[in-house]
Amino acid sequence: MALLEIKTAGDPVLKKVCEPVQKIDKRLRNFLDDMYDTMIAKEGIGIAAPQVGESIRAVIVDVDRNDRKGRYDMINPVITFREGSVVDNEGCLSCPDLFGDVERAEKIRVEYISRFNKKKTLEAEGLLARCIQHELDHLDGKLFIDIAQNITRGKKNSEK
789 MALLEIKTAG DPVLKKVCEP VQKIDKRLRN FLDDMYDTMI AKEGIGIAAP
839 QVGESIRAVI VDVDRNDRKG RYDMINPVIT FREGSVVDNE GCLSCPDLFG
889 DVERAEKIRV EYISRFNKKK TLEAEGLLAR CIQHELDHLD GKLFIDIAQN
939 ITRGKKNSEK
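Just so we're aligned, residue 789 is where the sequence shown starts under our numbering, counting upward by one.
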């Protein structure tokens, strides 16, 4: 698989609202695999299509990163339920070395289409819910630094 270039803050593609995916085919599945390999190579737990230059509504999340069993390829995802609120520290592949505190829902429900064109619903909480919300923000042209508090450079606030 090919490793893709990560777009960083300031690149116009990161500020665009992404277009829905119209066709799920082998080309898209190959692109999703390249996104995944790029995410793993950069030690991420989630990646959105605009982060690699494609303005389409597709994200990949894998908070375990060990065995691909926790991998979710989400096409045209929509959060349909949010509950609770928690503030935690986040970083982003598109904002290298920046970290900040972001308030997000503690639990969510997301509906999406799988890489095999199946409608799916996932209920998530904790880190998985946070990661999904972070990646879906990318699809609406929003970076975590647009909503974060206490932005620092270097290490996560919890590591200082």
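Glycine residues also receive a C-beta, built at the ideal position from the N, C-alpha and C atoms.
Report the three-state DSSP secondary structure of residue i (helix, strand or coil).
i, result
"F932", "helix"
"R918", "helix"
"P800", "helix"
"I828", "helix"
"D821", "helix"
"V805", "coil"
"E793", "coil"
For residue i, list the residues DSSP reports as bridge partners.
i, result
"T940", "F887"
"L910", "V898"
"G834", "V849"
"Y860", "V849"
"F869", "R897"
"I844", "E807"
"E923", "Note: E923 sits in no beta bridge, so no partner."
Under the assumption that residue i contacts residue j (Cβ atoms under 8 Å), give the Cβ distance between them as a whole number of angstroms.
i, j, result
"M827", "A837", "That pair is no contact at about 12 Å."
"V809", "D928", "Not quite, the Cβ-Cβ distance comes to about 15 Å (not below 8 Å), so this is no contact."
Give me, in chain order, the residues of the same chain whose beta-carbon lies closer than 6 Å to that of residue i; leave out the 5 immediate sequence neighbours on both sides.
i, result
"V866", "E899"
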